[in-house]
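K.L.:
Chains as they are written, first to last, in the numbering used here: chain A, 1 to 562; chain B, 563 to 668.
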């Protein structure tokens, strides 16, 4: 895990001290909210529907148990006893008082954490595959490159005021994209060329929001040594030509679409030829220096545990078996497994985790997984390095903490934005819909029968809940001041990236979960076999059968109006 | 929902970002029910301008909302403003100890 050097410590400490002064001036009335707003946003501090919200950066989602205990302490001491996991692998606190924020930042700095660049029109937290470093299908660990990008982008003077926010994700697993890289401003895939050399496929112009786009290939193979200089050229072209007159047209995807990928690429290449200098080249020694922070933990030499896992899945303890089946993933090291800790228990807002749960997660991470925890963009935790032989004991402890739900990647593992319960931008509530889904479908046999189906809910078109790429997407909309919901089908964030299509007329809150149940009922009727996933059925048959299931007939769907 | 017949000035307490509603006596409350009612939107807008000019230390992001007022009841017209007034509709682990009990935000 990366450790701060003197420079990291200095800039974070200085920034916290600077922001303390700015907050003092705001509280004294010396500066107005209008003057203060851009300053607080640069430090991850939002003004939300009921209170301030502080978003804390977690680079590529990786935390130590010490950091998790600090997050628990902050939740307990300065907030209302919980933190919320975000879809950029960060955490946010929903209730900090302004006067407490400088102290919170000082506390975070003691464990090498901060809140800079978690808001504003800058390069945001770099995200990665949550199984980075341990996935059997991984070509190379993406986290060293994420860390290099973090250092390069932090306080980069040229890119502090981009036309709009900028999001980058990296994956090292060519076969399965768990980081949704095609829906980022820049998505990086570690690949090998025909000579067996490692480098990056560079995707650009992906994103969600009001204009969802799948990223396009800007460069099929970028040698590692040019990693920073090429990305810098992309940022420079965006900074120069991206629109600043309309925030809804300001993301890089709009520029890429307007220019066309060929012209965009030409401009990037033109800039790259003239600006790349030896200082921005990444020598192998530097990559190796950063990669050394991500060396594997001291694994014990163990026998492969594949048969043991299969035995667990079929064993007498059905709760444990289902948890192994759904929440335990294969590890590249024999005898070890990766565990998804579901933060999606019925009755609790998705992604909310209490101070006591955080403390307990830190404890189990210390005892079972070398003290490391990963936040996923799906608002769960991962313990990356658990001995397969210890899974049963770990499961029992997680169940006692209300963190043992066997629903990873299942229907009730819903990505949910804060919605109108918290967010100042939202049109409709997301969390109550998600809670109703969790309650309605909380039957393990049904979850297993329906299989891997992703539901993603956003309370507005900004799409923080990634609704466009849910197999089932739900978008909250405002109609004359009241909450309505659009249902979408067919989205996927992975290598088979697709954007969901609206099924029909908007539905009232008390209709939306019934509609999902009817969609799933139709899927179970028409799937060709138990192996045909929901998304595959939607792609095979289109929306028509599902429209009929929800609206009775297509004519009725059209007549109701959207 | 009946047609709106009154206007209310609202904003945020700078100290904690909680919601504020302006009382008729010029102080600020954390409870919508204590809000002063304006019979003309122009008067409420004038008060917002006054707040931005002179009360920016205490109050941030002031604006006007339409409400339906009848007797002691003040109903906002939108889901957003109802949730602003009443708090999150889902369980918060440690509820706001002040909501509903504290009558002044001064």
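Where is the CB? At the ideal position from N, CA and C, for every residue including glycine.
Just so we're clear, the structure is a prediction, and the values are computed from it rather than from any experiment.
Taking Cβ positions only, does residue 398 of chain A come closer than 9 Å to chain B?
P.N.:
no
K.L.:
Which one of A:421, A:379 and A:41 has the shortest CA to CA distance from residue 407 of chain A?
P.N.:
A:379
K.L.:
With a threshold of 9 Å between beta-carbons, can residue 467 of chain A be considered close to chain B, or not?
P.N.:
no
K.L.:
Enumerated in chain order, which unbroken segments of the beta strand (DSSP E) with a length of 3 residues or greater are wholly contained in the stretch 190-259 of chain A?
P.N.:
198-204 and 216-223
K.L.:
So does the stretch 520-536 of chain A actually touch the stretch 241-259 of chain A, counting three or more Cβ pairs closer than 8 Å?
P.N.:
Touching, no.
K.L.:
Can you find a C-beta in chain B that's less than 9 Å from the C-beta of residue 48 of chain A?
P.N.:
yes
K.L.:
Between the C-alpha atoms of residue 451 of chain A and residue 420 of chain A, what's the straight-line distance to the nearest angstrom?
P.N.:
In this model, residue 451 of chain A and residue 420 of chain A are separated by some 30 Å (Cα to Cα).
K.L.:
Tell me which residues share the same chain as residue 343 of chain A and place their Cβ nearer than 8 Å to its Cβ, disregarding the 5 neighbours each side in the sequence.
P.N.:
85, 350, 351, 352, 353, 379, 380, 381 and 403
K.L.:
Go through its chain and collect everything with a Cβ distance to residue 67 of chain A's Cβ below 7 Å, but skip five positions before and after it.
P.N.:
Counting only Cβ-Cβ distances below 7 Å, and skipping sequence neighbours, we find 111 and 113.
K.L.:
Taking residue 118 of chain A as part of the beta strand (DSSP E), name the residues at either end of that continuous run.
P.N.:
That residue, residue 118 of chain A, is in no beta strand (DSSP E); it is neither H nor E in DSSP.
K.L.:
Kindly indicate if chain B contains any beta-carbon less than 9 Å away from that of residue 26 of chain A.
P.N.:
yes
K.L.:
Thinking residue 427 of chain A and residue 491 of chain A are a contact (beta carbons under 8 Å), I'd like their distance in whole angstroms, please.
P.N.:
Residue 427 of chain A to residue 491 of chain A, Cβ: 19 Å. No contact.
K.L.:
Step through the CB atoms of chain A and report whether any lies within less than 9 Å of the CB of residue 570 of chain B.
P.N.:
For residue 570 of chain B, no Cβ of chain A is located within less than 9 Å of the residue's own Cβ.
K.L.:
Hey, quick one: how far does the alpha helix (DSSP H) through residue 395 of chain A stretch, first residue to last?
P.N.:
Per DSSP, residue 395 of chain A belongs to the alpha helix (DSSP H) from 391-400.
K.L.:
Output, in chain order, the set of chain A residues within a Cβ distance shorter than 8 Å of residue 609 of chain B.
P.N.:
The contacting residues do not exist; residue 609 of chain B stays about 17 Å from chain A at best.
K.L.:
Say whether chain B places a C-beta atom closer than 9 Å to the C-beta of residue 82 of chain A.
P.N.:
yes
K.L.:
Helix, strand or coil for residue 467 of chain A? Go by DSSP, reduced to three states.
P.N.:
helix
K.L.:
If contact is defined by three or more beta carbon pairs under 8 Å, each pair taking one atom from either stretch, is the stretch 209-216 of chain A in contact with the stretch 272-280 of chain A?
P.N.:
The stretch 272-280 of chain A is not in contact with the stretch 209-216 of chain A.
K.L.:
Assuming the contact rule is C-beta atoms closer than 8 Å, residue 233 of chain A and residue 271 of chain A should be a hit. Round their C-beta distance to whole Å, please.
P.N.:
4 Å
K.L.:
So, does the CB of residue 354 of chain A fall closer than 9 Å to a CB anywhere in chain B?
P.N.:
yes
K.L.:
With DSSP collapsed to three states, give me the class of residue 37 of chain A.
P.N.:
helix
K.L.:
Going along the chain, which residues of the stretch 571-596 of chain B sit with their C-beta nearer than 7 Å to a C-beta in chain A?
P.N.:
574, 576, 577, 578, 579, 580 and 581
K.L.:
Over the uninterrupted alpha helix (DSSP H) stretch that includes residue 337 of chain A, give me the two end residues.
P.N.:
Counting along the chain, residue 337 of chain A falls outside any alpha helix (DSSP H), though it belongs to the beta strand (DSSP E) covering 336-341.
K.L.:
Report yes or no: do the stretch 46-63 of chain A and the stretch 87-94 of chain A share at least 3 C-beta pairs separated by less than 8 Å?
P.N.:
A contact between stretches requires three or more CB pairs, one per stretch, nearer than 8 Å, and the stretch 46-63 of chain A meets this requirement with the stretch 87-94 of chain A.
K.L.:
So for residue 631 of chain B, helix, strand or coil by DSSP?
P.N.:
In this structure, residue 631 of chain B counts as strand in the three-state DSSP scheme.
K.L.:
Give the interface partners of residue 639 of chain B over in chain A, defined as CB-CB distance under 7 Å, in chain order.
P.N.:
Result: 481.
K.L.:
Given a cut-off of 9 Å, decide if residue 142 of chain A and residue 172 of chain A are closer than it, judged by their beta-carbon atoms.
P.N.:
yes
K.L.:
Return the Cβ separation of residue 494 of chain A and residue 176 of chain A in integer angstroms, given the expectation that the two are a contact with Cβ distance under 8 Å.
P.N.:
7 Å
K.L.:
Rounding to the nearest angstrom, what Cα-Cα distance links residue 613 of chain B and residue 594 of chain B in this structure?
P.N.:
Distance from the CA atom of residue 613 of chain B to the CA atom of residue 594 of chain B, rounded to whole angstroms, is 17 Å.
K.L.:
Among the residues of its own chain, which have a CB less than 6 Å from the CB of residue 26 of chain A, if the five just before and after it don't count?
P.N.:
Excluding positions up to five away in sequence, the list reads 36.
K.L.:
Among the candidates A:418, A:199, A:318 and A:386, whose CA atom is the shortest distance from the CA of residue 328 of chain A?
P.N.:
When each option's Cα is compared against that of residue 328 of chain A, the closest is A:386.
K.L.:
Can you grab the Cα-Cα spacing for the pair residue 399 of chain A / residue 161 of chain A, in whole Å?
P.N.:
46 Å
K.L.:
Output, in sequence order along the chain, the residues in the stretch 616-629 of chain B whose CB is closer than 7 Å to any CB in chain A.
P.N.:
618, 619, 622 and 623
K.L.:
Is any beta-carbon of chain A found at less than 9 Å from that of residue 636 of chain B?
P.N.:
no
K.L.:
Compute the Euclidean distance between the alpha carbons of residue 280 of chain A and residue 228 of chain A, then round it to the nearest angstrom.
P.N.:
The alpha-carbon of residue 280 of chain A is positioned some 6 Å away from that of residue 228 of chain A.
K.L.:
What three-state label does DSSP hand residue 31 of chain A in the structure shown?
P.N.:
coil
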